[in-house]
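Taken in sequence, the protein lines are chains A and B. Counting in the working numbering, the first sequence runs from 1 upward without gaps. Counting in the working numbering, the second sequence runs from 159 upward without gaps. Yeah, the Cβ is synthetic: ideal placement off N, Cα and C, and Gly gets one too. Since this is a predicted model, take the numbers as computed values, not measurements. For reference, the structure is listed below as structure tokens.
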Amino acid sequence: MPIITIMAKLNLKINGQVKEVDVDPSTPVLWVLRDHLNLVGTKYGCGIAQCGACTVHLDGTATRSCMLSVSMVGNSEITTIEGLSENGDHPVQKAWMDVDVPQCGYCQAGQIMTAAALLDKNPNPNDEEIEMAMNGNICRCGTYLRIKKAVKIASENS
Amino acid sequence: MNQIDKHIGRRAFIRNTGLASGGLIIGFSWLNSCKPKSISAEQALEMPKEWFEINAYLKIGDNGVATIYCPNPEFGQGVMTAMPMIVAEELDITWKDVLVEQAPFNTELYERQFTGGSQGIRRSWKGLRMAGATAKQMLKQAAAAAWQVPVSEISVSDGVLSHEASGKTAGFGEMAAAASNMEVPEKVETKAVKDFKIISHSKKNVEGKQIVTGEPMFGLDYQYEGTLIAMVAHPPAFGLKLKSFDDSEVRNMPGIVDVFQINTYDDNFVRNFFDTNAFPDLVAIVGKTTWEVMNAKKKLKAEWEPISEKKLTIDRFGSISEITVPSGLESTNKHNELMEKMASQPGEIARKDGDPESAFKNAAKVLERSYSCPFLAHNCMEPMNFFAHVTDEGIKLAGPSQAPSIIESTLASRLDVPAEKIEIEMTRMGGGFGRRAYGHYAIEAALISKQAKAPIKLVYSREDDMTFGIYRPSYQATYRAALDENNNLIAFHVKSGGVPESPLFANRFPAGAVDNYLAEQWVINSNITIGAFRAPRSNFTAGVEQAFLDEVAEAAGKDPIDFRLELLKRVKENPVGEENDYEPDRIAGVLKLVKEKSNWGQTPPGVHRGVSAYFCHNSYAAHVVDVVMDGDQPRVEKVTCAIDCGIVINPDAASLMAEGAIVDGIGNAMYGNMSFTDGKPDHSNFDTYKMIRQNEAPKKIEVHFVQNEIDPTGLGEPPFPPVFGALANALYKATGRRFTKQPFSTDKPPLVG
């Protein structure tokens, strides 16, 4: 039995631009970014919103893109790691480089996006608030202490 | 002053290797779509108009900028920065003038492009120094010829050649062209440790900017025109194999291009040591996008059937052996029963000193304790994946691998193509921890590309990754110690084994420190595949041995550090046996350093402390773990760590590595657990496979290195294993309980909910 697919043309606001995609509307934003828009900074880690590697901003809120169907985005603004700053100079990115946070680096885009959204809402988080916000992002290499340190430095510098 | 003979990495120093033009080994220019970018520490270097290749490790531009190639694949251990630092040191160039590139995979040029065993720096140290030093010598020869002065009168500093008597100076760029035509010197001088300007001076990760801006670096990010996405379906349980499949529903799904069976290798195929694979028969689904293929895979109907017992031939780097893979559907409960049974029987004796039987019989006090740990999944954040394009002209592969040479050799044999026709591009790896030494997924990718007649990227889902096998084995160990009436340790007995590998190191401490010593081992066969997992075997043995020694010290009424130091003194002065494979002074060294740095003996109120020290992978590490109780929940407040790995190349990055090892150790000791029911892994994703998270990491970690001039040994693994022991010992102080079954969080009664 042939399966009928409904493809949909959608206009997405991504990193300050409008992008048209023609996809199955159930496709998660993660795979639209990676496979259709060539924005591969957002990472696939688990596909069930447990690891945070796929974190993007949806209207400024840290959101797991692996379980967010593209049809749900509507007019909301998506920001990915590629769009966080013009030249990689967002205070969180700078702090990440100052502290030399990454080991393998795979989870770090997600960590950075979560941290940037936290600081946007709470510019001076305490240790507990940082832990609460960052707890959904797994770092298998165990760079958690440097992540926390970098969030604090970014907080001081932003 | 050292002299290094050029037999080390000889082939790497032959000029005109063709690297300067982009590092392609064979004529695949049409595939050169994703050449790695040069990156610099400073990010803003002006590019030279022309490059001059000096050797396989470096080229110098006409403006004095150098590109240094990192031969080894990077998975977060920091070689992309550390290896070029070593070359740059001996070249005597300013670090800001250095660009770094991942070298091509090329066994003709580079000796050991393998990430594993904490051996990258240790095994490349001399070769990397020679690469820099010979290049410097050739630049000096060029300057001497140009200025008509003896080469011995030329000096070099920070990329500038000088001749003091004539007052002549020239930058490396000015002499690069002439240097590239100089004879490669037979012998070169390398720097004295005290003269290091780059080595032992912290440098930032050269790929830091790319990582924080989300640039494509990883295998999963690899792009090539016309690439299709492939996924594979494997049996749901160990002990099963593919019987048949029905793809009728799948074939018509959107974006699906092809569905077919592949056989990675059959049972008669002589496997390399890293060709471990429980599931060689797979269904491959090829389609246009990842999401479409993922959806199609869910609709695939497959039937599985039990495997029969089989024998496989393994070629372990030239030594051929046969292993038996049993049939059956295994469960953790059954494993545990079998392990207890094996532990109650005599094992195979691996070492015996003195007369342990009599010593135990006549002892004033005998202690005995058994320990166990479960299987662990590596859970690299980047799931297994590989790009492959197989054509009649050759094979192009790209992706995350710790051991590209194994992939090359296995694929050459499997597809019957000469190795020269296989090109492998090493991408940055999103973690490895041993898992990516096992390259079945690259072979699968090649087989799928061949059949689909298209470039494909094989992508494992997290579930595929976690349930495919190649786990850290489940181990068990029983320790016994005998004390005389003066609380001297007079006998020591370890009997350990596992499914399907023994974790025993018969000749490690405290072997050599006790007159009467017995080490035994046993193995239970299994069809669940295992593989190297950060510090294989040590990752269990260190923890339990160090937990047991803590108990023995307590029974002897001694401070746990003093107790160990006394035993080490005995080894130093009057060792038992000749096979002891550690240096007692260096274990004592890290213990003394951690004692000093942790203010051992002055435990702050409310803090409970445990200590451990261990030797593995040629290096030494000791930890003091501080646990505090938060109600009835223990929390690691601080870890103080001391390491002796010889000369530290990049100190801040080395600290980061140790920090990560400590967090990893606490995470796996507390939570790591892969169990099985009827052959099926009980966990397939992070919803139930618990990984350590931000709020469970220690609040503080201090890392201290023993300062010495010993050639670098290894760092990725050594700080990991002893964490388990120091944590268990701290938990004992905090709770009064000896935690013996990993993961500690569920050791009955449960420690945390």
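Sorting B:I850, B:A391, B:F427 by C-alpha distance to the C-alpha of B:K468 places B:F427 at the top. Neighbourhood of B:I859 in chain A, by CB distance below 8 Å: L145, in chain order.
When C-beta atoms of the segment 476-485 of chain B are compared with those of the segment 600-615 of chain B, fewer than three pairs fall below 8 Å, so the two segments do not count as touching. Contact annotation for B:M832 against chain A: no contact, minimum CB-CB distance about 15 Å [criterion: below 9 Å]. The segment 721-736 of chain B makes no contact with the segment 791-801 of chain B; the number of CB pairs closer than 8 Å stays below 3. Counting only residues of its own chain and dropping the five nearest sequence neighbours on each side, B:V223 has a CB closer than 6 Å to the CB of L203, P206, D255. Collapsing the DSSP output to three states places B:H493 in a helix.
The DSSP-derived three-state label of A:G110 is helix. The residue from B:M832, B:P856, B:G331 with its alpha-carbon nearest to that of B:D623 is B:M832. In summary, B:S660 is buried, with 16 or more beta-carbon neighbours lying within 10 Å of its beta-carbon over all protein chains present. Rounded to whole angstroms, A:C107 and A:N11 show a C-alpha spacing of 28 Å. Rounded to the nearest angstrom, the gap between the Cα atoms of B:F545 and B:I582 is 10 Å.
DSSP, reduced to helix, strand and coil, places B:I357 outside both helices and strands of the structure shown, so it counts as coil. A residue is called buried once 16 or more other Cβ atoms fall within 10 Å of its Cβ, and B:F475, having fewer, is exposed. Taking C-beta atoms under 8 Å as the contact rule, A:C139 and A:Q111 qualify, at a distance of about 7 Å. Straight-line measurement puts the Cα of B:K848 at about 31 Å from the Cα of B:P809. Proximity of A:N135 to chain B, defined by a Cβ-Cβ separation below 8 Å, is satisfied. Beyond the five residues adjoining it in sequence on each side, B:D743 comes within less than 7 Å, by CB distance, of K730 in the same chain, given in chain order.
Note on geometry: alpha-carbon atoms of A:K94 and B:M340 lie some 43 Å from one another. Among the residues facing chain B, A:A53 is included, as its CB has a counterpart in that chain under 8 Å away. Under the 8 Å Cβ criterion, the segment 24-32 of chain A does not count as touching the segment 821-837 of chain B, having fewer than three qualifying pairs. A distance below 7 Å between beta-carbons, with the five flanking residues on each side excluded, links B:A300 to the following residues of its chain, in chain order: M333, A336, A337, M340. In the structure shown, B:D511 falls within a strand segment according to DSSP collapsed to helix, strand and coil.
Assignment of B:A600 by DSSP, reduced to helix, strand and coil, places it in the helix class. Looking at B:M238, B:G234, B:I357, B:L257, the one whose alpha-carbon comes closest to that of B:I218 is B:L257. B:I357 is outside the set of residues whose beta carbon lies under 8 Å from a beta carbon in chain A.
Taking C-beta separations shorter than 7 Å and ignoring five residues to either side along the sequence, the partners of B:D425 in its chain run K468, L470, following chain order. As the crow flies, the alpha-carbon of B:T252 is around 14 Å from that of B:S360. The CB of B:E540 comes closer than 7 Å to the CB of Y106 in chain A, given here in chain order. Inter-residue distance for B:E678 and B:E506 is about 5 Å (C-alpha atoms, whole angstroms). Annotated three-state conformation of B:S320 is strand, per DSSP. When secondary structure is reduced to three states using DSSP, B:V342 falls in the coil class, being assigned neither helix nor strand. By DSSP's assignment, B:S313 forms a beta bridge with B:S320. Within chain B, P412, W449, E450 have C-beta atoms less than 8 Å from the C-beta of A:D24, given in sequence order. CA-CA distance, B:R620 to B:A350, rounds to 48 Å. Taking 8 Å as the cut-off, the beta carbon of B:G872 is found closer than this to the beta carbon of B:R280.
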